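Right, one structure below, let's go through it.
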Amino acid sequence: MTYPGDLSRFGEDGGRMAEMIDVACDRCGTVSQQLDGATMLGFNPRCLECGTETFVSLVELYAVDKPGLDPASDEAWHLRKSRIPDLAGICNNCGGTFSIDAPIRCAHCRSRNVSILLVGSAC
Ligand SMILES: [Zn+2]
Ligand SMILES: [Zn+2]
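Per numbering that gives the first Met the number 0, the sequence shown starts with residue 0, numbered consecutively.
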């Protein structure tokens with residue numbers, strides 16, 4: 000299965016490709032492994048309030064492309080990116096909204112006071 004366009008476009012405006020990262024909490028000391036960024040299958044937006052991850056597949060994103068729009072254009076990618084919070088819905092955990100730009104939090108205490116230890120690419 001192939002998709003038009005290139006996920007690395009998200010790198011042009013601050014996004015990154017997916018990486019497995021170790022997140023070390025400076026508050027409670029918990030180290031959790033988290034996925035950060037987009038994979039070839041989709042995106043892993045985080046809840047803005049509590050940091051819970053969810054998943055939005057590229058299939059879902061492409062399914063609602065506007066007809067007639069060049070699928071590889073900057074505009075198409077911009078629109079897909081703006082739809083991610085809608086497709087992700089509401090956080091089951093706290094009722095918050097998701098964003099691919101949400102801060103990484105400790106998986107245990109949800110503190111934003113964490114250190115990121117890069118582990119490697121998930122692609
Ligand atoms: Zn913590
Ligand atoms: Zn939440």
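The C-beta atom is built at its ideal place from N, Cα and C for all residues, glycine as well. The structure displayed is predicted, hence computed values, not measured ones.
(message) Among VAL55, ARG45, HIS107, SER31, whose alpha-carbon lies nearest the alpha-carbon of MET39?
(response) Walking along the sequence shown from the start, residue 39 turns up at place 40. Closest by alpha carbon: VAL55.
(request) Please classify VAL58: does DSSP put it in a helix, a strand, or coil? (result) Here residue 58 is taken as the residue at index 59 of the sequence shown, counted from 1. DSSP places VAL58 in helix when its eight states are reduced to three.
(message) For the alpha helix (DSSP H) containing ILE83, name the first residue and the last one.
(response) Walking along the sequence shown from the start, residue 83 turns up at place 84. DSSP places ILE83 in the uninterrupted alpha helix (DSSP H) bounded by 73-87.
(request) Assess, as a yes-or-no matter, whether the stretch 78-97 is touched by the stretch 51-69 under the definition of 3 or more beta carbon pairs within less than 8 angstroms. (result) Note that the stretch 51-69 touches the stretch 78-97; at least 3 beta-carbon pairs, one per stretch, sit closer than 8 angstroms.
(message) Check for me: the beta strand (DSSP E) holding ALA39 runs from which residue to which?
(response) Indexing the sequence shown from 1 puts residue 39 at position 40. What sits at residue 39 in the sequence shown is Met, not Ala. For MET39, there is no enclosing beta strand (DSSP E), as DSSP gives it neither H nor E.
(message) Taking its Cβ as the centre, do 16 or more other Cβ atoms sit within 10 Å of SER114, making it buried, or is it exposed?
(response) The residue given as residue 114 occupies position 115 in the sequence shown. Classification of SER114: exposed, given that the 10 Å Cβ count is below 16.
(message) What would DSSP say about LEU68, mapped onto helix, strand or coil?
(response) Your numbering for residue 68 matches position 69 in the sequence shown. Three-state result, LEU68: coil.
(message) Contact defined as beta carbons within less than 8 angstroms: I believe SER110 pairs with CYS24. What is the distance between those atoms, to the nearest angstrom?
(response) If you number the sequence shown from 1, residue 110 lands on position 111. If you number the sequence shown from 1, residue 24 lands on position 25. About 6 angstroms; that satisfies the 8 angstroms criterion.
(request) Would you kindly work out how many angstroms separate the C-alpha atoms of ILE103 and ASP21, rounded to a whole number? (result) Numbered from its first residue, the sequence shown carries residue 103 at position 104. Numbered from its first residue, the sequence shown carries residue 21 at position 22. The straight-line gap from Cα to Cα measures roughly 11 angstroms.
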